[in-house]
Each structure stands twice: as structure tokens, then as C-alpha cells.
Amino acid sequence: MRSLSVFERTPNFTWFRDAYNERFLNLTVDYADVIGMMIFGHHHTDTFHLVKDASGTPVQFLLMSPAVTPWFSSLEGAGANNPAFRIYDVNYDGVYNDIRTYYINLTALNENSNATFALEYSFKNAYSISSPIKLSTMAGLLERIKNDSAVFQTYINYNSVLWDPVVPTGKFR
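Be aware that the sequence shown starts at 1, since it is given in UniProt numbering, and climbs by one per residue.
What follows is the structure, encoded as C-alpha cells:
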């Protein structure tokens, strides 16, 4: 089954019930040509998903922002995250030019209550991609994450918002 609600750090775990997931995917595929952006939050990890049609062709992508609230997950393979928020640089045509994520290091904040949010990364710079950020860009990035260990490490670092990033192995890779 296709799923948009897969939690990328825990195999075979989804957030949506199957029927709702399938309905959402079908709507997303059916209206991919009119959906301008799909931005989600409160996922606690920094990630993205590709939406594919029945033939497996990517037709849309969605961005999931990490949460401002930290989460110390008990799910196998999952961990915690530092608080973060994003600023999307979008042009007048509704296309992403860049995505900047800001975070605060909880360890530093516990040691110094004056610690502030700082730029964690620029999407374009971190993944060496050019503007605009579009479907083909994201599909290419997914392939690079799958096939290039350095790009995968970069993804893992930002996925947990720099909270003790450990490269998964085995069933979690």
C-alpha cells in the first residue's frame, strides 16, 4: 500500500488509518495539477514525501516541518528533536526558491537561558540544489539520499534537527 503517513524513522508505522490515507492520496493525485503547495507541520522530524500515481510516477511532493515542541519518542528507531521552525522563500508564481530552518539547541538552552534560535540550514545550500525547488528537484534529491551516503548523512542530521543524529543501519536504512 502507498502511504503518505509513514513515519520515516520507524518501519511499518503509519499515522493515518488505511482508508483515510488512501483517500488523501487519491485526492492528491487527482488534483496534483492544481495543488500549489503541500506544507505540513508538527511531525517532529524534518522530512519530505513524494506522492506517486498508480504507475509510480511522482506527481506532487509535500514538506514536513519539524515542530517547535521537542519530542522524545519511544518508537523503535525514533529519537528526539530540537525545536525548530521554517521560513519558506516563495516567488510570486508560488514556487519555492529556498527553505530555511531555524532551531534552538536544547542542551545549550538548558545551560544558557539566553540562547536563541539560529539558522540550522538552507535547503538549497545543504543539498546543493538550485532554485526553483520543484517536483523534479525533490525526486532527484530522494534518489541522491538513497544512493549517496554523504547526502543520506546530511538528511539524517537535519531530520532530527541536529539532536544526536545517528545514521540508521539495517532495517532502518
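Beta carbons: idealized from backbone N, C-alpha and C, even for Gly. Given the structure is predicted, the values throughout are model-derived calculations rather than measurements.
Assigned secondary structure, residue i (DSSP; H/G/I helix, E/B strand, else coil)
i	result
Phe117	coil
Lys146	helix
Tyr92	coil
Asn81	coil
Outcome for residue i when other beta-carbon atoms lying within 10 angstroms are tallied against a minimum of 16
i	result
Lys146	exposed
Thr107	exposed
Met37	exposed
Glu120	buried
Leu63	buried
Delimiting residues of the alpha helix (DSSP H) encompassing residue i
i	result
Arg23	Asp18 to Asp30
Rounded straight-line distance, which links the Cα of residue j to that of residue i
i	j	result
Ser65	Ile99	10 Å
Ile129	Phe123	8 Å
Ala118	Ile104	6 Å
Pro70	His42	10 Å
Ile156	Val68	18 Å
Val51	Arg23	13 Å
Ala150	Tyr31	35 Å
For residue i, the first and last residue of its enclosing beta strand (DSSP E)
i	result
Leu62	Pro58 to Met64
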